[in-house]
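Okay, so here's the structure we're looking at.
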Amino acid sequence: MHLTAMFTHPVKSARGIATTRAYAGKLGLLHDREWLLVSPDGKQITARTHPQLLRVRVELMPGAILLHYPGKAPILAMTTVYTQAHPAQVWQDDFAARHGDIRVDAWFGDILEADCRLLWLGAQSQRPFLEDGQMSFADGYPYLLVNQASLDALNQQLAAPVTLRHFRPNLVVSGDYPWEEDEWQVIRIGEVEFDVMKPCTRCVLTTMDPELGVKREDGEPLQTLIRTRRLAEGVCFGMNLRARNEGVLELGAPLEILEQRYNF
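Heads up, the sequence shown is in the numbering used here, so the first residue is 10 and it goes up one at a time.
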């Protein structure tokens with residue numbers, strides 16, 4: 010088994026960037042979920058309610074991101090401008106992030122047809138994670154892993170197959186068989202060890218076409234997951250991870266299972 014794909018999502022809910030080599034830190038892959046759109050009072054805005062965000066393409070630049078959207082001129086968001094403290098809320102977590110460029114706010118406002126603010130996480134995250142760390146703007150854990158064999162098994166049940174981008178993973182691995190990731194407790198990919206924290210619960214975002222930014226009328230793949238992948242945590246696909254150490258990951262790195270949840 011080995012690492013077959015990696016994705017970084019610099020702006021939460023915007024299009025991810027496929028990469029072949031990335032630094033894996035405690036917060037996640039470098040630059041993952043560093044930017045977040047919020048309402049004026051700080052509540053997160055995601056593609057669950059504004060699927061247009063899926064069509065926003067992000068280009069990483071030194072100290073900045075260049076934002077693209079079909080039919081609009083690109084715009085640059087520079088971290089040096091984001092110096093003003095601003096409240097942010099991701100699910101139940103309330104913390105401070107950084108705001109700074111009203112031109113970028115207006116650019117996104119035109120796309121979403123809503124009053125919004127783009128926030129940067131900051132050089133040091135203010136969002137606590139468990140007892141001993143910090144978090145990015147990710148939903149609940151620093152990493153999301155998908156087993157390609159599980160995606161292949163799911164697609165065999167669908168009239169129209171879905172892609173990895175429907176599930177917005179960071180790490181994709183070539184498992185020996187579908188759903189074996191449910192059994193993993195500690196894994197190593199290359200030089201980085203990960204705790205497998207829990208299965209990732211799924212929502213309506215999986216039904217959004219990642220290319221067109223529109224919801225599928227048949228409700229798939231969520232409807233099939235509801236029938237086939239209802240676990241104690243909810244309707245699940247993929248696994249949430251946190252890193253025990255930091256290092257560089259490259260495609261092709263071997264995957265080792267260090268501890269299993271179940272011993273037979």
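Yeah, the Cβ is synthetic: ideal placement off N, Cα and C, and Gly gets one too.
Using only alpha-carbon positions, find the residue among the options that is nearest to residue i.
| i | options | result |
| --- | --- | --- |
| residue 87 | 119, 72, 96 | 72 |
| residue 67 | 54, 83, 53, 55 | 83 |
| residue 108 | 98, 10, 94 | 94 |
| residue 138 | 104, 265, 12 | 104 |
| residue 205 | 176, 156, 164 | 156 |
| residue 110 | 44, 152, 57 | 44 |
| residue 182 | 30, 251, 198 | 198 |
| residue 192 | 249, 120, 125, 89 | 249 |
| residue 153 | 186, 190, 55 | 190 |
| residue 203 | 230, 232, 264, 216 | 264 |
| residue 187 | 231, 237, 98, 229 | 237 |
| residue 53 | 148, 28, 132, 17 | 148 |
| residue 126 | 20, 208, 246 | 20 |
| residue 12 | 232, 245, 180 | 180 |
| residue 101 | 64, 115, 146 | 146 |
| residue 58 | 23, 132, 38 | 23 |
| residue 89 | 243, 131, 28 | 131 |
| residue 106 | 92, 218, 85 | 92 |
| residue 218 | 178, 129, 63 | 63 |
| residue 266 | 40, 185, 239 | 185 |
| residue 129 | 10, 41, 118, 196 | 41 |
| residue 60 | 117, 161, 34, 85 | 117 |
| residue 26 | 34, 48, 65, 10 | 65 |
Output yes if chain C places a C-beta closer than 9 Å to the C-beta of residue i; else output no.
| i | result |
| --- | --- |
| residue 256 | You won't find chain C in this structure, because it holds only one protein chain. |
Would you identify the three-state DSSP class for residue i, choosing helix, strand or coil?
| i | result |
| --- | --- |
| residue 56 | coil |
| residue 20 | strand |
| residue 231 | helix |
| residue 157 | helix |
| residue 130 | coil |
| residue 138 | strand |
| residue 36 | coil |
| residue 271 | coil |
| residue 14 | strand |
Is the beta carbon of residue i less than 9 Å from the beta carbon of residue j?
| i | j | result |
| --- | --- | --- |
| residue 201 | residue 256 | yes |
| residue 253 | residue 194 | no |
| residue 258 | residue 30 | yes |
| residue 69 | residue 55 | no |
| residue 122 | residue 174 | no |
| residue 169 | residue 136 | no |
| residue 215 | residue 176 | yes |
| residue 226 | residue 171 | no |
| residue 38 | residue 28 | yes |
| residue 178 | residue 247 | yes |
Should residue i go down as buried or exposed, given a rule of 16 or more other Cβ atoms within 10 Å for buried?
| i | result |
| --- | --- |
| residue 159 | buried |
| residue 213 | exposed |
| residue 134 | buried |
| residue 50 | exposed |
| residue 223 | exposed |
| residue 120 | buried |
| residue 165 | exposed |
| residue 81 | exposed |
| residue 211 | buried |
| residue 163 | buried |
| residue 79 | exposed |
| residue 241 | exposed |
| residue 150 | buried |
| residue 261 | exposed |
| residue 17 | buried |
| residue 294 | Because the chain here runs from 10 to 273, residue 294 falls outside it and cannot be looked at. |
| residue 124 | exposed |
| residue 74 | buried |
| residue 235 | exposed |
| residue 76 | buried |
| residue 231 | buried |
- Would you list, in sequence order, the uninterrupted beta strand (DSSP E) runs of no fewer than 3 residues that lie entirely inside the segment 39 to 120? 44 to 47, 66 to 70, 73 to 78, 81 to 87, 93 to 99, 102 to 108
- Query: Quick one: complete beta strand (DSSP E) runs, 3+ long, within the segment 162 to 208?
  - Reply: 180 to 182, 193 to 198
- Enumerate, from N- to C-terminal direction, the unbroken beta strand (DSSP E) stretches of 3 or more residues contained entirely within the segment 214 to 267. 243 to 252, 256 to 259
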